[in-house]
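Structure, as C-alpha coordinates:
In my numbering, the protein residues as written are 364 to 431.
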(Lines of atoms letter the chains of each structure in order from A and count residues from 1; the text may use other names and numbers.)
(Lines give C-alpha, C1' and ligand atoms only; values in the text may rest on other atoms or scores of the structure.)
Protein backbone atom coordinates (compact mmCIF):
# COMPACT_ATOMS: atom_id res chain seq x y z
CA UNK A 1 0.00 0.00 0.00
CA UNK A 2 1.36 3.42 -0.90
CA UNK A 3 0.85 6.67 0.96
CA UNK A 4 0.64 10.30 -0.10
CA UNK A 5 2.06 13.19 1.86
CA UNK A 6 0.25 16.50 1.53
CA UNK A 7 1.46 19.83 2.78
CA UNK A 8 -0.88 22.18 4.66
CA UNK A 9 -1.86 24.17 1.55
CA UNK A 10 -2.71 21.02 -0.41
CA UNK A 11 -4.74 19.67 2.52
CA UNK A 12 -6.73 22.91 2.79
CA UNK A 13 -7.40 22.86 -0.96
CA UNK A 14 -8.51 19.23 -0.75
CA UNK A 15 -10.94 20.05 2.08
CA UNK A 16 -12.34 23.07 0.21
CA UNK A 17 -12.83 20.94 -2.90
CA UNK A 18 -14.58 18.24 -0.87
CA UNK A 19 -16.93 20.81 0.69
CA UNK A 20 -17.73 22.37 -2.68
CA UNK A 21 -18.49 18.96 -4.19
CA UNK A 22 -20.80 18.12 -1.29
CA UNK A 23 -22.65 21.44 -1.80
CA UNK A 24 -22.94 20.74 -5.53
CA UNK A 25 -24.37 17.28 -4.93
CA UNK A 26 -26.89 18.70 -2.45
CA UNK A 27 -27.86 21.39 -4.98
CA UNK A 28 -28.37 18.78 -7.67
CA UNK A 29 -30.55 16.72 -5.31
CA UNK A 30 -33.02 19.55 -4.68
CA UNK A 31 -34.90 19.36 -8.02
CA UNK A 32 -35.46 15.64 -7.42
CA UNK A 33 -37.19 16.38 -4.10
CA UNK A 34 -40.71 17.54 -4.97
CA UNK A 35 -41.47 18.67 -1.40
CA UNK A 36 -38.33 20.80 -1.34
CA UNK A 37 -39.14 22.37 -4.72
CA UNK A 38 -42.68 23.17 -3.54
CA UNK A 39 -41.37 24.68 -0.29
CA UNK A 40 -38.98 26.90 -2.26
CA UNK A 41 -41.81 27.98 -4.60
CA UNK A 42 -44.04 28.85 -1.65
CA UNK A 43 -41.23 30.79 -0.01
CA UNK A 44 -40.69 32.80 -3.19
CA UNK A 45 -44.43 33.57 -3.30
CA UNK A 46 -44.33 34.73 0.33
CA UNK A 47 -41.39 36.97 -0.47
CA UNK A 48 -43.16 38.54 -3.46
CA UNK A 49 -46.33 39.07 -1.40
CA UNK A 50 -44.40 40.73 1.41
CA UNK A 51 -45.13 37.98 3.91
CA UNK A 52 -41.73 38.24 5.55
CA UNK A 53 -40.20 39.43 8.80
CA UNK A 54 -36.79 40.65 9.78
CA UNK A 55 -34.19 38.44 11.41
CA UNK A 56 -34.62 40.43 14.62
CA UNK A 57 -38.39 39.81 14.62
CA UNK A 58 -37.85 36.12 13.93
CA UNK A 59 -35.42 35.74 16.84
CA UNK A 60 -37.79 37.60 19.16
CA UNK A 61 -40.61 35.27 18.14
CA UNK A 62 -38.44 32.24 18.94
CA UNK A 63 -37.53 33.71 22.33
CA UNK A 64 -41.19 34.32 23.21
CA UNK A 65 -41.93 30.70 22.32
CA UNK A 66 -39.02 29.55 24.53
CA UNK A 67 -37.36 27.92 21.55
CA UNK A 68 -34.07 29.71 22.12
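Where is the CB? At the ideal position from N, CA and C, for every residue including glycine.
Have a look at residue i and residue j and give me their C-alpha separation to the nearest angstrom.
| i | j | result |
| --- | --- | --- |
| residue 424 | residue 402 | 21 Å |
| residue 400 | residue 430 | 27 Å |
| residue 368 | residue 380 | 17 Å |
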